[in-house]
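Each remark here refers to the structure printed beneath this line.
In the numbering used here, the protein residues as written are 1 to 594.
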């Protein structure tokens, strides 16, 4: 771009004294010559005096005027030449104005005349300071060097300051990872604390959790992982503390602390309607926010994981097994071993499996499969797998998934208690004879089993050792069913008169130390069908059939009284929270037994 229109105003006359004097003398000589020519008369000696001719006088005056105009124009051209010379001299020494940039521009010195881009300044050869003073550096390089040195100095100081602060403060938490919703659904959830530096070895004794809950510790590098071996309570704030943490490079010790809050619980229930459609609904623990998620004419049973529902329905005297999202969407059928019926549905959250007992529709003494145990993937990507013992498909009396694993514990119709891990090819492990499986504790790999002689034992499934189940204090007698939960068991007991007739039933909470507290009691007119606990043992769900004499059973594959209620109990206070119509609470591992 041109900057001529922004140059300083050039004077109308030359600026030097010599130029001004020459111009003035030239103008005076021209004016004198003009006047002399205008008034000069003919020589009287050469020409005799004559009377002037008017026409000649007029012509002479006109000629003199034309000559004056020509001389004025010549003087003007000469003056213009002086002006041009003066302007060239000014342009050689003057600096053009600098246009304002649209963005901030750092300029170390004035730009070269006529330049339109901002380049490092090179002083003109005329009067170059670098030639006059060899030790003097150009202004901009020196300023740039000083600025760069200052910036580097500040960065060094800041880095050193942060390093000193880090050394003085010790390790700090830079990130926390936790899935609070998953933590109340199943065991094995983790809180991962990431520090701002690598840590020295962490002893599990340095870690604490409040409220107290069993956990394991896995620490490496900058991370400290705390794994909860049981599910957590809902609507509770947990605080994880790691004391006396030291960086791998040494320095002062620090305490790492983080807190998180678990969400409120919800459950799924099944409500059968002999005159309409059966419904699976989801509700909060107040019962005020129930939402139907699946309906069908005949729902036999269902189970829930943290992401899916598995529902067994009856159609044309056969079963269908449907997997769906927890909101009832994305429904798809699982392939069955054949045309038959499905019962005793269970799911393995950790193994991603569904298991059930299966019987062919066409069944006789010589053909068909009866009550064989089947497992398959929840995603339907594999074929149904039938459990075999000694190379033969085994008919199973009772069975359960081992929590937090893909292992299956079952009793066949010969009374043999066996364990098989569906995630490994380890074969079938024999665990003796048993009458029934009461339940399996979460996080402990311990089953409560009733032996053929009536003794109830706690069986360690890892090594096969066992010990008698301790009696409660006070002792409420032999329990008809026992359901483990983290911290204790729920025991269903029946009171009988001297003739052995039932006069009442109750669900007793028995802590690990044997302390027994009644939660629910009913008269002989009612019947307790099932008792199970929420994943953490915070709540209990007790299924009751009221007025049993006037409460007929429905005609389903899993027959139950038409009127069934689920009572939710706060285990800490023993208070009933709400009674809901329905059964098969999603907290339970199995359906009610009739």
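For glycine and all other residues, C-beta sits at the position ideal for the given N, C-alpha and C.
Mark residue 274 as exposed unless 16 or more other C-beta atoms lie within 10 angstroms of its C-beta, in which case mark it buried.
For the purposes of this step, residue 274 is taken as residue 274 along the chain shown, with counting starting at 1. Exposed is the call here.
Can you name, in chain order, every residue of its own chain whose Cβ lies under 7 Å from the Cβ of residue 574, other than the five neighbours on each side?
Numbered from its first residue, the chain shown carries residue 574 at position 574. Excluding positions up to five away in sequence, the list reads 517, 519.
If I follow the unbroken alpha helix (DSSP H) through residue 180, where does it start and stop?
Residue mapping note: residue 180 aligns to position 180 of the chain shown, counting from 1. That run of the alpha helix (DSSP H) goes 180 to 183.
For the beta strand (DSSP E) holding residue 339, just list the boundary residues, first then last.
Sequence index remark: in the chain shown, residue 339 carries index 339 (1-based). Taken as a continuous stretch (DSSP letters only), residue 339 belongs to no beta strand (DSSP E), as it is neither H nor E.
Quick one, which of 395, 387, 393, 410 has its alpha-carbon nearest residue 401's?
Residue mapping note: residue 401 aligns to position 401 of the chain shown, counting from 1. When only C-alpha atoms are compared, the closest one is 410.
Can you name the residues that DSSP bridges to residue 577?
Taking the first residue of the chain shown as 1, we reach residue 577 at position 577. Answer is none; residue 577 lacks a bridge partner.
Residues near residue 255 in its chain [Cβ-Cβ closer than 6 Å; skip 5 each side]:
In the chain shown, the residue the question calls residue 255 occupies position 255. So the qualifying residues of the chain are 243.
When the Cα of residue 550 is compared with those of 301, 562, 349, which residue comes out closest?
Against the chain shown, residue 550 aligns to sequence position 550. Of the candidates 301, 562, 349, the one whose C-alpha sits nearest the C-alpha of residue 550 is 562.
Does residue 506 come out as helix, strand or coil in the three-state DSSP assignment?
Numbered from its first residue, the chain shown carries residue 506 at position 506. In this structure, residue 506 counts as strand in the three-state DSSP scheme.
Who does residue 385 pair with in a DSSP beta bridge?
Counting from one through the chain shown, the residue named residue 385 turns up at place 385. BP columns for residue 385 point to 375.
Whole angstroms is fine: what's the gap from residue 272's alpha carbon to residue 174's?
Here residue 272 is taken as the residue at index 272 of the chain shown, counted from 1. Here residue 174 is taken as the residue at index 174 of the chain shown, counted from 1. Taking the straight line joining both Cα atoms gives about 51 Å.
Take the Cβ of residue 231 as the centre, count every other Cβ of all protein chains shown within 10 Å, and call the residue buried at 16 or more, exposed below.
Indexing the chain shown from 1 puts residue 231 at position 231. Residue 231 is buried by the Cβ-count criterion.
Limits of the unbroken beta strand (DSSP E) element including residue 460
Here residue 460 refers to the residue found at position 460 when the chain shown is read from its first residue. Taken as a continuous stretch (DSSP letters only), the beta strand (DSSP E) holding residue 460 covers 456 to 460.
Does the separation of the CB atoms of residue 577 and residue 314 fall below 9 Å?
Numbered from its first residue, the chain shown carries residue 577 at position 577. Numbered from its first residue, the chain shown carries residue 314 at position 314. No, the Cβ-Cβ distance between residue 577 and residue 314 is not below 9 Å.
Residues in the same chain with beta-carbon distance under 6 Å from residue 300, minus the five sequence neighbours each way, listed in chain order, please.
The count along the chain shown starts at 1 and reaches residue 300 at position 300. Cβ neighbours of residue 300 beyond the five flanking positions: 312, 314, 556, 557, 558.
Residues bridged to residue 223 by DSSP?
Within the chain shown, the letter at position 223 stands for residue 223. Per DSSP, 194, 220.
So residue 242 is in the beta strand (DSSP E); what residue range does that whole segment cover?
Working through the chain shown from its first residue, we reach residue 242 at position 242. 237 to 245 is the extent of the beta strand (DSSP E) around residue 242.
If we call anything under 9 Å between Cβ atoms a contact, is residue 201 one with residue 239?
The residue given as residue 201 occupies position 201 in the chain shown. The residue given as residue 239 occupies position 239 in the chain shown. No. Outside cutoff.
Quick one, which of 228, 502, 218, 262 has its alpha-carbon nearest residue 235's?
Position 235 of the chain shown holds residue 235. Among 228, 502, 218, 262, the Cα nearest to that of residue 235 is on 262.
Which residue comes first and which comes last in the beta strand (DSSP E) that contains residue 570?
One-based indexing of the chain shown puts residue 570 at position 570. Residue 570 -> beta strand (DSSP E) spans 565 to 570.
Less than 8 Å between the CB atoms is what I'm expecting for residue 441 and residue 468, so what's the real figure, rounded?
Within the chain shown, the letter at position 441 stands for residue 441. Within the chain shown, the letter at position 468 stands for residue 468. 16 Å between Cβ atoms; not a contact.
Using a 10 Å radius around the Cβ and a threshold of 16 neighbouring Cβ atoms, would you call residue 454 buried or exposed?
Walking along the chain shown from the start, residue 454 turns up at place 454. With fewer than 16 Cβ atoms within 10 Å of its Cβ, residue 454 is classed as exposed.
Reference residue 296, options 521, 372, 331, closest by Cα
Position 296 of the chain shown holds residue 296. The option with the nearest alpha carbon to residue 296 is 331.
Return the CA-CA distance between residue 281 and residue 497, expressed in angstroms with no decimal places.
On the chain shown, residue 281 is found 281 positions in, with the first residue counted as 1. On the chain shown, residue 497 is found 497 positions in, with the first residue counted as 1. When rounded, the distance between both Cα atoms is 40 Å.
Work out the CA separation of residue 386 and residue 481 for me, nearest whole Å.
Here the question's residue 481 lines up with position 481 in the chain shown. Here the question's residue 386 lines up with position 386 in the chain shown. Their Cα atoms are separated by approximately 28 Å.
Going by C-alpha to C-alpha distance, which of 322, 193, 491, 350 sits closest to residue 470?
Walking along the chain shown from the start, residue 470 turns up at place 470. With distances taken between Cα atoms, residue 470 lies closest to 491.
Should residue 511 and residue 487 be called a contact, given that it needs their Cβ atoms to be closer than 9 Å?
If you number the chain shown from 1, residue 511 lands on position 511. If you number the chain shown from 1, residue 487 lands on position 487. Closer than 9 Å, so yes.
Among the residues of its own chain, which have a CB less than 7 Å from the CB of residue 597, if the five just before and after it don't count?
Here the chain has residues from 1 to 594 only, and residue 597 is not among them.
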